[in-house]
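Notes to accompany the following structure.
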Amino acid sequence: MGLGATMWAIALAAAVFALCWLRERRPRTFGEVRLFPYVPVMMVCLVLILGLLAHLLGLLTGQPIGSPR
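Take 443 as the starting number for the sequence shown in the working numbering and just add one per residue.
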């Protein structure tokens with residue numbers, strides 16, 4: 443994955459995270475059940491963002507993350 447695709451993927455994951463965060467913060471009426479699990483989607487987006495940031499760091503420095511050297 444190149445630099446541009448990585449940046450787009452980070453932006454998309456951050457946008458989905460922000461949308462889920464906004465939807466989760468909406469007040470709900472008593473007894474109403476949410477039909478979409480926003481918190482697990484936020485956690486998946488957060489893990490994806492962290493992984494993509496590590497990949498971006500590897501792209502920018504030219505050194506793979508986690509190499510023994």
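Glycine is no exception: its CB is placed at the ideal position from the N, C-alpha and C atoms.
query = Between the C-alpha atoms of L494 and W450, what's the straight-line distance to the nearest angstrom?
reply = 10 Å
query = Hey, is the segment 466-482 in contact with the segment 500-507, meaning 3+ C-beta pairs nearer than 8 Å?
reply = no
task = At 4 residues or longer, and completely inside the segment 461-492: list those alpha helix (DSSP H) runs for me, N to C.
result = none
task = Could you say which of L502, L499, H497 and I491 lies nearest to A457 if we only look at CA atoms?
result = I491
ask   = Under 8 Å, do L445 and L501 count as touching if we go by C-beta distance?
value = yes
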